[in-house]
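*Asks:*
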Amino acid sequence: MDPILKVSNLHSGYDGVPVVFGISLEIMPGELVAIVGANGAGKTTTMKTISGLIHPLSGNISFLGQDVSNLSAHEILKLGISYVPEGRRIFGKLSVRQNMYLGAYTEKSQTEVSRRMDELFEIFPVLRKRAKQVAETLSGGEQQMLAIARGLISKPKLLMLDEMSLGLMPSMVEKMMETVKAVNEAGATVLLVEQMVQEALEIADRGYVIQNGKIILSGQADELLNSEQVRKAYLGM
Amino acid sequence: METFIQVLIDGMLSGMVYALVAAGLCLIWGVMDVINFAHGEYLMVAMYVSYWLGFLANVDPVVSTVAAGAFIFMIGALTYKLIIRFTIGKPGLVALLATFGLAIFLKNLCMNQFSPNFRIMSDTWLSGKTLHVGGLIIALPQLTAAVLALIVVGLLYLLVNSTKFGWAIQATAMDREAAELVGINTERIYILVFGIGGACVGVAGGIMPSYLAVHPEVGSMFGLIAFICVAMGGFGSIPGAFISGLLVGVVEALAGFYIAPVFKYVAVFGLYLAVIFLRPKGIFGW
Ligand SMILES: Nc1ncnc2c1ncn2[C@@H]1O[C@H](COP(=O)(O)OP(=O)(O)OP(=O)(O)O)[C@@H](O)[C@H]1O
Ligand SMILES: [Mg+2]
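Respectively, the protein sequence lines represent chains A and B. Residues in the first sequence are numbered from 1 upward in steps of one, following our numbering. Residues in the second sequence are numbered from 1 upward in steps of one, following our numbering.
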């Protein structure tokens, strides 16, 4: 089977200064893969590059066999990669429903959009209750759910979640992880960036550990969880 | 009392046209934080479009206004493509100076091509026609311009607030990266916003020659007033720009009539200072 996403020797950064040095990843269709690492390791930079917000300094990104290294973010979304960015980034002055509509911006069929919205309201009932509310007045956790729902409503082939547990209470983190697992089991490939190393690796199939812009470790999630290096550095054991 | 109402109505009619000019400027500011200093010159060019269509092809301004709107839409889109695009992400002064340069260019181009002469369109469908309501006299050209302005501002408001495209415009204004991530081509939104902002002022300029002389300097004061309306209404708020436009029109008419015609802009700028002093973010600002 061919990987759905293949990142080869990626160098990326800001204003020509690299902060990611030669990262390579392969993600197979249907997998749930976690990327973990310390603050400033380059996780978000990698995600931004894959999603097209910034472009590689060198190296290559291919999605479903197509080179997407230099496409714009809106073109990459159309190909089927949805990136839920760090820090929620919902459209604050618009209502919950409008945010969801915009998540499905590229879907032309109105009935299809409504159907998906109902589906997501089943997963996140609180969003249905708040559908008409202006998004910036939601609580932090509700905003996070909205960000995820907005990322899901385009029915991506690959869903990339960046730090979705940030600022959520533990029971909520658990619920989010379950949701991600369910989305994955329903067929979407998921790439998860997390500070919650334990929680992320528990639901993931495989994982990569990034440090200072390089991959220092990769493997099956349970192997990583049990590895000396991860336990010491990230789990404080 | 009758005189007062008459002056009030005259003020409201010109105020609605100000509102339309301001709405275009307001949209552009609200979405991309760019003050288009050439906005008044767009109006002037639109007036020439309408004037020459009338002079050469005998088209009435009531019809030409559509062509002027379309023409300035393209000028706006081109302004974005050729100038503004390179100023995005740079300090605000860059775009400001660039559009200031464009304003000077357009003004001098028209001066050079069409001479500084005042050009008046006679024999238009509406020229000299009035409507008598009780003791009030309403000039039909101004009334038509005002109604047209009201309709276009209304459509613009609906477009921005009640269509998916409008939400995409708002999303782009709030967070460009996040908008890209949901599949919005934000570069295209920018081009269209500059075009639509231009089209608003183009429609206003297109109808104006039926009651106002055309000359290369005609846009400057309108540009300034539009800026005041946008600042007074709260940057980026279309309802704010609309209310401010009306307010400016009414104050200008009252001051011009009851104090002295030369005093009318003093009153307008006085009003502006007062509003900004009391509410620095404008009437509808957030
Ligand atoms: N917009 C930017 N401009 C310049 N440098 C940046 C920018 N964003 C991030 N960096 C730098 O790039 C490096 C990697 O940052 P990145 O956001 O990718 O880390 P991260 O792994 O996502 O960290 P965190 O866990 O804190 O989110 C950091 O040193 C950071 O200072
Ligand atoms: Mg990050």
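Note that beta-carbon positions come from the ideal geometry of N, C-alpha and C, so glycine has one too.
Please work out which residues of its chain come closer than 6 Å, Cβ to Cβ, to A:L32, disregarding the five sequence neighbours upstream and downstream, and give them in chain order.
*Replies:* Residue mapping note: residue 32 of chain A aligns to position 32 of the first sequence, counting from 1. Counting only Cβ-Cβ distances below 6 Å, and skipping sequence neighbours, we find N184, V190, A204, D205.
*Asks:* Would A:F21 and A:G219 qualify as a contact pair, given that the criterion is a beta-carbon distance under 9 Å?
*Replies:* Here residue 21 of chain A refers to the residue found at position 21 of the first sequence. Here residue 219 of chain A refers to the residue found at position 219 of the first sequence. Cβ atoms of A:F21 and A:G219: not closer than 9 Å.
*Asks:* Scan the region 80 to 132 of chain B and note each continuous alpha helix (DSSP H) run of 4 residues or more that stays entirely inside, going in chain order.
*Replies:* Listed in chain order, they are 92 to 114.
*Asks:* Check distances from the C-beta atoms of the region 101 to 120 of chain A to those of chain B and list, in chain order, the residues that come in under 7 Å.
*Replies:* Under the 7 Å Cβ criterion, the region 101 to 120 of chain A contributes Y101, L102, G103, Y105, T106.
*Asks:* Based on Cα-Cα distance, which residue from B:F263, B:I276, B:A46, B:V250 lies nearest to B:F4?
*Replies:* Position 4 of the second sequence, counting from 1, holds the residue named residue 4 of chain B. The candidate whose alpha carbon is nearest that of B:F4 is B:V250.
*Asks:* Which residues neighbour ligand 1 when neighbourhood means a C-beta less than 5 Å away from any of its non-hydrogen atoms? List them by chain order.
*Replies:* Result (chain order): A:Y14, A:V19, A:N39, A:G40, A:A41, A:G42, A:K43, A:T44, A:T45.
*Asks:* In the structure shown, what three-state DSSP assignment does A:N39 receive?
*Replies:* Residue mapping note: residue 39 of chain A aligns to position 39 of the first sequence, counting from 1. Correct three-state label for A:N39: coil.
*Asks:* Sort B:D60, B:W167, B:S115 by Cα distance to B:S127 and report the nearest one.
*Replies:* In the second sequence, counting from the first residue as 1, residue 127 of chain B sits at position 127. Looking at the Cα atoms, B:D60 is the closest of the given residues.
*Asks:* Is it the case that the CB of B:E252 approaches a heavy atom of ligand 2 more closely than 8 Å?
*Replies:* The residue labelled residue 252 of chain B in the question sits at position 252 within the second sequence. Checking every heavy atom of ligand 2 against the Cβ of B:E252, none is found closer than 8 Å.
*Asks:* Give me the Cα-Cα distance between B:A19 and B:V63, rounded to the nearest whole angstrom.
*Replies:* To locate residue 19 of chain B, count along the second sequence from 1; it is residue 19. To locate residue 63 of chain B, count along the second sequence from 1; it is residue 63. Cα to Cα, B:A19 sits roughly 21 Å from B:V63.
*Asks:* Smallest Cα separation from A:S8: which of A:G16, A:I148, A:T46, A:G30?
*Replies:* Working through the first sequence from its first residue, we reach residue 8 of chain A at position 8. Residue A:T46 is the option with its Cα nearest to A:S8.
*Asks:* How far does the alpha helix (DSSP H) with B:F257 in it extend, from its first residue to its last?
*Replies:* The sequence position of residue 257 of chain B within the second sequence is 257, counting from 1. First-last of the alpha helix (DSSP H) with B:F257: 238 to 258.
*Asks:* Pull out every residue of the region 41 to 61 of chain A whose Cβ sits closer than 7 Å to any Cβ of chain B, in chain order.
*Replies:* Answer in chain order: S51, L53.
*Asks:* Give a yes or no on whether the C-beta atoms belonging to A:L25 and A:I215 are separated by under 9 Å.
*Replies:* Numbered from 1 along the first sequence, position 25 holds the residue referred to as residue 25 of chain A. Numbered from 1 along the first sequence, position 215 holds the residue referred to as residue 215 of chain A. Yes. Within cutoff.
*Asks:* Determine, using beta carbons only, whether A:I90 comes closer than 9 Å to chain B.
*Replies:* Your numbering for residue 90 of chain A matches position 90 in the first sequence. Yes, contact with chain B.
*Asks:* Name the two residues that bound the continuous alpha helix (DSSP H) containing A:Q110.
*Replies:* Position 110 of the first sequence holds residue 110 of chain A. Run containing A:Q110: 110 to 123, per the alpha helix (DSSP H) assignment.
*Asks:* Provide the residue span of the alpha helix (DSSP H) that contains B:M18, from first to last.
*Replies:* In the second sequence, residue 18 of chain B corresponds to position 18, counting from 1. According to the sequence as given, residue 18 of chain B is Tyr; it is not Met. That run of the alpha helix (DSSP H) goes 2 to 32.
*Asks:* B:M111 and B:P216 - do their beta-carbons sit closer together than 9 Å?
*Replies:* The residue given as residue 216 of chain B occupies position 216 in the second sequence. The residue given as residue 111 of chain B occupies position 111 in the second sequence. Yes, they are a contact pair.
*Asks:* Among A:I23, A:P3, A:E107, A:L5, whose alpha-carbon lies nearest the alpha-carbon of A:H11?
*Replies:* By 1-based counting over the first sequence, the position of residue 11 of chain A is 11. Here the closest residue by C-alpha is A:I23.
*Asks:* Taking the beta strand (DSSP E) that A:K232 falls in, what are its first and last residues?
*Replies:* For this step, residue 232 of chain A is matched to residue 232 along the first sequence. It is not in any beta strand (DSSP E) - A:K232 instead sits in the alpha helix (DSSP H) that spans 228 to 233.
*Asks:* Under 7 Å between beta-carbons, which chain B residues line up against A:Y83? List them in chain order, please.
*Replies:* Within the first sequence, numbered from 1, the residue matching residue 83 of chain A stands at position 83. Those are L181, listed as they occur along chain B.
*Asks:* Measuring straight from C-alpha to C-alpha, what distance separates B:R119 and A:E136?
*Replies:* Indexing the second sequence from 1 puts residue 119 of chain B at position 119. Indexing the first sequence from 1 puts residue 136 of chain A at position 136. For B:R119 and A:E136, the distance between alpha carbons rounds to 52 Å.
*Asks:* Could you give the C-beta distance for A:S160 and A:S82, rounded to a whole number, given that I count them as a contact under 8 Å?
*Replies:* Counting from 1 along the first sequence, the entry for residue 160 of chain A is found at position 160. Counting from 1 along the first sequence, the entry for residue 82 of chain A is found at position 82. Before going further, note that residue 160 of chain A is Met rather than Ser in the sequence given. The Cβ separation is near 7 Å, so the contact holds.
*Asks:* Run down chain A in chain order and give the residues with a C-beta less than 7 Å from the C-beta of B:M174.
*Replies:* Numbered from 1 along the second sequence, position 174 holds the residue referred to as residue 174 of chain B. Here the neighbours are F91, G92, K93.
*Asks:* Compute every distance between the C-beta of B:E217 and the non-hydrogen atoms of ligand 2, then say whether any falls below 8 Å.
*Replies:* Here residue 217 of chain B corresponds to residue number 217 of the second sequence, with the count starting at 1. For ligand 2, not one heavy atom lies less than 8 Å from the Cβ of B:E217.
*Asks:* Output yes or no for whether 9 Å exceeds the beta carbon distance between B:D33 and B:G92.
*Replies:* Position 33 of the second sequence, counted from the first residue, corresponds to residue 33 of chain B. Position 92 of the second sequence, counted from the first residue, corresponds to residue 92 of chain B. Yes, the pair counts as a contact, with Cβ atoms nearer than the cut-off.
*Asks:* Along chain B, which residues have their Cβ under 7 Å away from the Cβ of A:R150?
*Replies:* Walking along the first sequence from the start, residue 150 of chain A turns up at place 150. Within chain B, the residues near A:R150 are V182.
*Asks:* Compare the beta carbon distance of B:I35 and B:F227 with 9 Å and say whether it is the shorter of the two.
*Replies:* In the second sequence, the residue the question calls residue 35 of chain B occupies position 35. In the second sequence, the residue the question calls residue 227 of chain B occupies position 227. In this structure, B:F227 lies closer than 9 Å to B:I35 by Cβ.
*Asks:* Using a Cβ cut-off of 9 Å (strictly closer), state whether B:T130 contacts chain A.
*Replies:* On the second sequence, position 130 is the one that residue 130 of chain B refers to. No, B:T130 does not count as interfacial toward chain A.
*Asks:* Kindly indicate the opening and closing residues of the alpha helix (DSSP H) around B:A146.
*Replies:* The count along the second sequence starts at 1 and reaches residue 146 of chain B at position 146. Where B:A146 is concerned, the enclosing alpha helix (DSSP H) stretches over 140 to 162.
*Asks:* Helix, strand or coil for A:D162 per DSSP?
*Replies:* Position 162 of the first sequence, counting from 1, holds the residue named residue 162 of chain A. Note: A:D162 maps to strand in three-state DSSP.
*Asks:* Within the continuous beta strand (DSSP E) that includes A:H74, where are the two ends?
*Replies:* Taking the first residue of the first sequence as position 1, residue 74 of chain A is located at position 74. Unbroken run through A:H74 is the alpha helix (DSSP H), 73 to 79; no beta strand (DSSP E).
*Asks:* Can you name, in chain order, every residue of its own chain whose Cβ lies under 7 Å from the Cβ of B:A68, other than the five neighbours on each side?
*Replies:* By one-based count along the second sequence, residue 68 of chain B stands at place 68. A46, V49, S50, G202, V203, G205, G206.
*Asks:* DSSP has A:D67 in a bridge; who is on the other side?
*Replies:* As a working mapping, residue 67 of chain A is identified with position 67 in the first sequence. Answer by DSSP bridge pairing, in chain order: A:S62.
*Asks:* Give the C-beta separation of B:V230 and B:C26 to the nearest angstrom, bearing in mind that I take them to be a contact with Cβ-Cβ under 8 Å.
*Replies:* Within the second sequence, residue 230 of chain B is the residue found at index 230, counting from 1. Within the second sequence, residue 26 of chain B is the residue found at index 26, counting from 1. Right, the Cβ-Cβ distance comes to about 5 Å (below 8 Å), so this counts as a contact.
*Asks:* Rounded to whole angstroms, what is the Cα-Cα separation between A:L120 and A:G30?
*Replies:* Translated into positions along the first sequence, residue 120 of chain A becomes position 120. Translated into positions along the first sequence, residue 30 of chain A becomes position 30. Using only the alpha carbons, I get a separation of about 20 Å.
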